[in-house]
Amino acid sequence: MGKRSLAGALIAVILLLSFPWRAEGEARATLRRGSRGSDVCLAQRRLKAWGYYKGEVDCIFGRLTHEAVILFQRRNGLTVDGIVGPETWAALGYWGGQPATAAAPGTREADRDLLARVVSAEARGEPYEGQVAVAAVVLNRVRDARFPNTIAGVVFQTHAFESVSNGAIYAPPTESAVRAAQDALNGWDPSGGALFFWNPAKAASAWVWSRPIIKRIGNHVFAK
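Residues in the sequence shown are numbered consecutively from 1367, following the numbering used here.
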C-alpha cells in the first residue's frame, strides 16, 4: 500500500471512529435534567427548530431544555414528565438511529412517516382498504376536538395504540403502509369517518363495544 493510500485509510478510520452514529434500531439514551452529550444536542436542535427551545444548543439538559420538553409533550399529547424517552424521541422524529425525517411536525413528510408506522404495526396483513382505513382513523381523531390536534399527539396519546405500548411502531413501515398513509392523507377514508378500530378476536374493553359500529374491513371493526 502506497503512502497516500495508507494516509487516506488512516483518515477514514479516524473519521469513522469520531462520527457519532448508531446502528439501525439502537435506542437513544433517555435524557433528563443533568444529562449531557450528543443526544442532548440532537434534542435541543430539533426542539429549537420547531420553536419549543429558546436557548443555545450547548448539549446540556438544563432548565430551558426541560421546559421545552414539557411544552412539546403537552402540546403533542405525550406523557408530560420532562424526560426524553422512546416515546418523546419518536415524536421528535428519531427512531433509534438517524432521524426519520428532517421535516417539521405537521408537514406531509413527517406525518406520512409516522402514519405509515402506525398502519404497518396495527394493520400488517390486512386488506389494503383496511390499511388506509386505519390511517384514516388517526386523521379523523386529529380533526375531532376530543383528541389531540396533531398526528404525533394522537399516535402517542397514552394507551391510544397498542403498537406504541409494545414498541412495534418503531419498526420500519412496509411499502403498502406508506402508500396507505399517503392515500389517507390525500383524502380517502374507507372507515366512513371512524374514530376507533379493533380486532374482535382480541380482548377489547366493554366500552369500545358500546361505540356505534360503522363497518368491518378484514379483521378490524371500525366505529364512531
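Ideal Cβ placement from N, Cα and C applies to all residues, glycine included.
#1: Measure the alpha-carbon distance for D1424 versus L1408 and round it to whole angstroms.
#2: Out of curiosity, what's the CA-to-CA distance linking E1495 and T1516?
#3: Can you list, in chain order, the residues of its chain with a C-beta nearer than 7 Å to that of S1529? Leave out the 5 residues immediately preceding and following it.
#4: Can you round the beta-carbon distance between G1558 and I1580 to whole angstroms, since I take them to be within the 8 Å contact cut?
#5: Need the endpoints of the beta strand (DSSP E) that A1589 sits in, please.
#6: Who are the Cβ neighbours of D1555 in its own chain at under 6 Å, not counting the five residues just before and after it?
#7: For G1553, count neighbouring Cβ atoms within 10 angstroms of its own Cβ and tell me buried if that reaches 16, exposed if not.
#8: Considering Cα atoms alone, identify which of L1481, R1429, L1437, A1476 is closest to A1546.
#9: Following the continuous beta strand (DSSP E) through W1564, name the residue where it begins and the one where it ends.
#10: Just to confirm the assignment, what range does the beta strand (DSSP E) spanning R1582 have?
#11: Going by DSSP in three states, L1444 sits in which element: helix, strand or coil?
#12: What is the rounded straight-line gap between the Cα of W1416 and the Cα of G1400?
#13: Might you give, ordered along the chain, the residues of its own chain that have their beta carbon closer than 6 Å to the beta carbon of P1539, omitting 5 neighbours on each side?
#14: Does the distance from the C-beta atom of R1490 to that of Q1548 stay below 7 Å?
Reading from the atomic positions:
#1: 10 Å
#2: 23 Å
#3: V1484, A1487, E1488, I1535
#4: 4 Å
#5: 1586 to 1589
#6: A1502
#7: exposed
#8: L1481
#9: 1562 to 1564
#10: Per DSSP, the unbroken beta strand (DSSP E) holding R1582 starts and ends at 1579 to 1583.
#11: Looking at L1444 - three-state DSSP - the assignment turns out to be coil, as it is neither helix nor strand.
#12: Each residue's alpha carbon lies about 22 Å from the other.
#13: A1482, R1483, S1486
#14: no
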